[in-house]
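Counting the sequence shown from 1 gives a position; the numbering used here is that position plus 14. Glycine included, every Cβ here is placed at the ideal spot set by N, Cα and C. These figures come from a predicted structure and were not determined experimentally. Written below as structure tokens is the structure these notes are about.
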Amino acid sequence: MIPRFLLALTGLSLITPTASALEPGVPPVPAAVSALTGCWKGEGVVMDKKVSISLSARAVALDAMFAIDSDSTTIGDPSDRYAAHLLFGAGSAKDDKAVSGFWSDSFGGTFTAIGTGSVQPGGFDISYQYPDSLFINRWRMGDTGLRWDIIARDANGKEAPFAAYTLTRAACP
């Protein structure tokens, strides 16, 4: 038998990796969501302000959930910052296209929201209901990177752009 320290030095391993750490019966995070794994950088517009943005996306909670940490800064005003921590998971054990989510951000606990959505061609949509508006998030992967659009829909059904980002893959810190 080869001593473990020699295996470590040669890069060999006797331990085979597992495909997933999911508990039995837990539906996996939809592939359209987990496709965002890694780091992203880009620019966008939020409420008519130009911003730079970075995302870090990874599986969490034994692969049962997926987290995205978003940090943005208004271009030209480094004191105008915003951060969000988003969680995503399967929306249903019976529907592999359903997506669930939780939104939390730098506005604190009173601005958190639960989201529901579904896989769409090229990505997924997820919506978060707030007292005054529904915020529809559209995540789309393309040949040139990632597009994340947020549309606000008021109680009368009127829609308005809230945010739009274009991102490309970046090296993770």
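For E173, which residues of its own chain have a beta-carbon under 6 Å away from its beta-carbon, when the five flanking residues on both sides are left out?
-> I165, R167
Under a Cβ-count criterion, where at least 16 other Cβ atoms within 10 Å of its own Cβ denotes burial, should F121 be classed as buried or exposed?
-> exposed
Opposite C53 in the DSSP bridges: which residues?
-> S70, A184
Where the alpha helix (DSSP H) through S48 begins and ends = 45-48
Tell me which same chain residues have a C-beta within less than 8 Å of the C-beta of G156, skipping the five on either side of it?
-> Hits under 8 Å: G136.
Can you check DSSP and say which residues form a bridge with T88?
-> V65, D91
Could you check what DSSP says for G103 in three-state terms: helix, strand or coil?
-> strand
Per DSSP, S147 forms a beta bridge with which residues?
-> D168
Would you report the Cα separation of K55 and H99, rounded to the nearest angstrom?
-> Cα to Cα, K55 sits roughly 16 Å from H99.
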